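**Student:**
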RNA sequence: CGGGGAUGGCGGGAAAUCGCGGCGGCCUGCGGGUCGUCGAGGAAAGUCCGCCCUCCACAGGGCGCGGUGCUGGCGAAACGCCAGGCGGGGCAACCCGACGGCACAGUGCCACAGAGAUGAGAAUGCGUUCCUGCGGGAACGUGAGGGUGAAACGGCGGUGUAAGAGACCACCGGUGUACCCGGCGACGGGUGCAGCCAGGCAAACCCCACCGGGAGCAAGGUCAAGCAGGGGUGAAGGGGCGGCCCGCCCCGUAAGUAGCCCCGGGUAGACUGCACGAGGUGCCCGGCAACGGGCAUCCCAGAGAGAUGAUUUCCACUCCGGCGACGGAGGACAGAAGGCGGCUUACAGCCAGCCCCGGACG
RNA sequence: UGGGGGAUAGUUUAAUCGGCAAAACAACAGGUUCUGGCCCUGUCGUUCUUGGUUCGAGUCCAGGUCCCCCAG
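Numbering (the numbering used here), first residue to last: 213 to 326.
(1) Could you tell me which of 305, 266, 298, 276 sits nearest to residue 292, measuring between CA atoms?
(2) So, helix, strand or coil for residue 285, using DSSP?
(3) Starting from the C-beta of residue 323, find all residues in its chain whose C-beta is less than 7 Å away, skip the five residues before and the five after it, and write them out in chain order.
(4) Could you give the residue range of the alpha helix (DSSP H) that holds residue 305?
(5) Below 7 Å between beta carbons: does that hold for residue 299 and residue 263?
(6) Kindly give me the distance between the Cβ atoms of residue 294 and residue 254, rounded to whole angstroms, as I take these residues to be in contact under 8 Å.
(7) Could you work out which residue in 260, 283, 297, 304 is closest to residue 235 when comparing CA atoms only?
(8) Could you tell me which of 271, 226, 216 sits nearest to residue 239, measuring between CA atoms?
(9) Using 8 Å for Cβ pairs, my map puts residue 259 next to residue 245. What's the rounded Cβ distance?
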């Protein structure tokens, strides 16, 4: 993921978490809020409840890959925070990608391809 | 062939496409693009020891607190490593040990059982004397026998005695000590002497010897918005109430307001510390070894919401099904955050040579 | 990064200086009652785990696991 597409500042995370629209399932939570830039920015949170350092790194990298593949299909100008819940530990990329894309549809930021 | 012991090492390999981080070159419309190169571990882990580094404190000595505890060597140091001694376990190879002091400072504890748990003591027994209703009883001596316990002033034989006892004697065991021999030493072997025998626990208080200042990279350093402060210069104004004017109030009028210029300290923030080191690899030399020395060669992660990911093919390995061709499934423990030396803990599977025991065959 | 504390029956807590692991409630079984409750009796433990010291460890000493708290 390129650096300008990342959400990096603590204040940004706080703003999205508090004011953003939330969608969740058993594996993931996403918060979406309008950003100040013409493109999207993404942030990922993998807390200690997800598992060991190895498990957290694994999930974070899979989420990055899923967001990379999903990025072109999303409406731009949003800040998105993805939070991993304990149940995602050990899941495959394909399964995570499917769940993530469904949550993005619920949040209404997927481009209308029809 | 089967079982066991110790040591060292590996932690799948090759390739393609998409993607990420650092550094360097080139290009740039300063957003980035492109090429090259490097990019997790043996434990990166737990943070249990120690050191480097940084800041603070510091005449010297004592007390206190904490740590270590057989000997020699290695090491920057360590609750570290190597070799050896002693003790314990195992048929053995080997393994394990906080391994100074409880007789030469003192205190404490040792449940239950037992006469007695350290200057403590006799219920039974044995012996002598006395009493007797002949069943036994009392006093004294004794600590050998039996009995208790995890543990009981040593064991066996004799002398001795009323019965006995290290009371005495020889031998053995153990303790201390003097000398001799071997060893740098811990210690081992031998000879003589002593008192005749001294229980265990110091991961009980403690004593002895040695060691230890305190904090930590969020240490510390550099730059530095804003706010507040100081100095210089300096129009006489500046500010509040209010929609605006008037008005009123506050500060100032040279011991000087606004503005402008300068100054040090320093918050947010940025940069640094932060990757050439007790460094890796190969060969040679010294040493039983830990390790040391020499030469050659290499540059090898460095983030800051935090880089190693995804997909596919082939090969190797393990398991399952199958006579087979083949098909299917699987791949441990675990992720750098200043660095280094150790310890400890986790770990699928595999490799190498060595040693011990048992069996079979030649 | 540095420091402190804890883990005992299903739950909440005890256990003196190392000497037979207790109490209450809950659960289960039995008794009492026409039935239920109350009541009575009984049952239920890897003292977090692995080693060590000791004759003997919940207690003392190490290693490990998990949880809580404090400072920056």
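Backbone N, C-alpha and C fix where the C-beta goes; we use that ideal spot for every residue, glycine too.
Note that the structure is predicted; figures quoted are calculated from it, not measured.
**Tutor:** Short version:
(1) 276
(2) DSSP places residue 285 in helix when its eight states are reduced to three.
(3) For residue 323, where only same-chain residues beyond five positions count, the Cβ hits under 7 Å are 285, 286, 287.
(4) From DSSP, the alpha helix (DSSP H) with residue 305 extends over 305-319.
(5) no
(6) 7 Å
(7) 297
(8) 271
(9) Contact doesn't hold; Cβ gap of about 20 Å is too wide.
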